[in-house]
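Written below as structure tokens is the structure these notes are about.
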Amino acid sequence: AQSVTQLGSHVSVSEGALVLLRCNYSSSVPPYLFWYVQYPNQGLQLLLKYTSAATLVKGINGFEAEFKKSETSFHLTKPSAHMSDAAEYFCAVSPYSGAGSYQLTFGKGTKLSVIP
Amino acid sequence: GAGVSQSPSNKVTEKGKDVELRCDPISGHTALYWYRQRLGQGLEFLIYFQGNSAPDKSGLPSDRFSAERTGESVSTLTIQRTQQEDSAVYLCASRLDGGRGNTEAFFGQGTRLTVV
Chain C
4 AQSVTQLGSH VSVSEGALVL LRCNYSSSVP PYLFWYVQYP NQGLQLLLKY TSAATLVKGI
64 NGFEAEFKKS ETSFHLTKPS AHMSDAAEYF CAVSPYSGAG SYQLTFGKGT KLSVIP
Chain E
13 GAGVSQSPSN KVTEKGKDVE LRCDPISGHT ALYWYRQRLG QGLEFLIYFQ GNSAPDKSGL
73 PSDRFSAERT GESVSTLTIQ RTQQEDSAVY LCASRLDGGR GNTEAFFGQG TRLTVV
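These protein sequence lines are chains C and E, in that order. Numbers 4 to 119, taken from the numbering used here, label the letters of the first sequence in order. Numbers 13 to 128, taken from the numbering used here, label the letters of the second sequence in order.
Right, here's the structure in full:
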């Protein structure tokens, strides 16, 4: 079964510093990949998605992710962290599960803390 | 509706009681997913409905858990004889077309279940 691995359950950065959240997927075929964000006591919302149109994907709030097939990675970055970025971030993969259906599997999440 | 709606938002139940959680997906969305999120944990897949296909129940943790969906509308997740380890936030998501893996999933706010 296809899956995603997020390295680091908790990442802390200083305000203004680079944000790097890591995600690796297991697949022999490049799947559809997503990053979602969950703010405290809220549901999940989409940050960005990779659908094979371009390897560098730009999302909301200044985030972007680069798909690297050779490394089976889809790491999330933001050049300068803001206090409002403190949240939990989930990487997800949408593998084909047969009969015209696509599953949606999430990593365990990375909690981002931003230090003033 | 404008978004995915889940009810109740909070549920406290006694151990051994049955509970029913409801999800109203976005109108027209053929795919519907249920996830469980324990405190401080990632999203654990429970079940997936896609149109009129047989649901993917591979994530249901025990036979105490079941779910139904009426056509492409409301879904209910039922937990029988609840246990304390069932305490979690139960999240529902819907997608416009689960037959295309590149579409965004929209999440409800979740139902926080507490078993005492």
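The C-beta atom is built at its ideal place from N, Cα and C for all residues, glycine as well. Just so you know, these numbers come straight off a predicted model, no measurement behind them.
Give me, in chain order, the residues of the same chain whose beta-carbon lies closer than 6 Å to that of residue i; leave out the 5 immediate sequence neighbours on both sides.
i, result
"Tyr45 of chain E", "Tyr60 and Ala105"
"Phe77 of chain E", "Ile91"
"His13 of chain C", "Lys114"
"Gly28 of chain E", "Arg93"
"Ser33 of chain E", "Here residue 33 of chain E is Leu; the residue named in the question, Ser, does not match the sequence. Excluding residues within five positions, the ones whose Cβ falls inside 6 Å are Leu89, Tyr102 and Thr123."
"Phe37 of chain C", "Lys52 and Ala95"
"Leu108 of chain E", "His41 and Thr115"
Taking C-beta to C-beta, are residue i and residue j nearer than 9 Å?
i, j, result
"Pro73 of chain E", "Arg48 of chain E", "yes"
"Val40 of chain C", "Ala84 of chain C", "no"
"Thr25 of chain E", "Thr126 of chain E", "yes"
"Lys61 of chain C", "Leu51 of chain C", "yes"
"Val7 of chain C", "Leu115 of chain C", "no"
"Ser55 of chain C", "Ser65 of chain E", "no"
"Phe109 of chain C", "Leu55 of chain E", "yes"
"Gln18 of chain E", "Gly120 of chain E", "yes"
"His78 of chain C", "Ala90 of chain C", "no"
"Leu49 of chain C", "Cys26 of chain C", "no"
"Ser73 of chain C", "Asp68 of chain E", "no"
"Gln95 of chain E", "Val128 of chain E", "no"
"Ser85 of chain E", "Asp36 of chain E", "yes"
Spatial neighbours of residue i within its chain, please: CB distance less than 7 Å, with the 5 preceding and 5 following residues excluded, ordered by chain position.
i, result
"Pro34 of chain C", "Gln5, Tyr28, Val96, Ser97 and Pro98"
"Phe118 of chain E", "Gly15, Val16, Ile38, Ala105 and Ser106"
"Pro2 of chain E", "Here chain E covers residues 13 to 128 and nothing more, so residue 2 of chain E does not appear."
"Leu107 of chain C", "Ala95 and Ser97"
Taking all protein chains shown into account, decide if residue i is buried (16 or more other Cβ within 10 angstroms of its Cβ) or exposed.
i, result
"Pro119 of chain C", "exposed"
"Leu51 of chain E", "exposed"
"Glu80 of chain E", "exposed"
"Gly40 of chain E", "exposed"
"Thr58 of chain C", "exposed"
"Lys81 of chain C", "buried"
"Gln53 of chain E", "exposed"
"Lys42 of chain C", "One detail in the question is off: residue 42 of chain C reads as Tyr in this sequence, not Lys. It is exposed - the Cβ of Tyr42 of chain C has fewer than 16 other Cβ atoms within 10 Å."
"Val98 of chain E", "Sequence check: residue 98 of chain E is Asp here, not Val. Buried, by the Cβ-count rule."
"Asp30 of chain E", "exposed"
"Ala45 of chain C", "The sequence given here places Gln at residue 45 of chain C; Ala does not occur at that position. Exposed: under 16 other Cβ atoms inside 10 Å."
"Asp88 of chain C", "buried"
To which residues does DSSP link residue i through a beta bridge?
i, result
"His85 of chain C", "Beta-bridge pairing links His85 of chain C to no other residue."
"Gln3 of chain C", "The question about residue 3 of chain C has no answer here: the residues shown for chain C are numbered 4 through 119."
"Ser17 of chain C", "C:Ile118"
"Ser17 of chain E", "E:Asp36"
"Arg124 of chain E", "E:Asn22 and E:Val101"
"Glu56 of chain E", "E:Arg48"
"His78 of chain C", "C:Glu69"
Here's a check: name, in chain order, each residue in its chain whose Cβ is nearer than 8 Å to the Cβ of residue i, leaving out the five neighbours to either side.
i, result
"Met86 of chain C", "Glu18, Val117 and Pro119"
Sequence ranges, beta strand (DSSP E) only - wholly within the stretch 60-122 of chain E, length at least 3:
The qualifying runs are 77-81, 87-91, 100-107 and 117-119.
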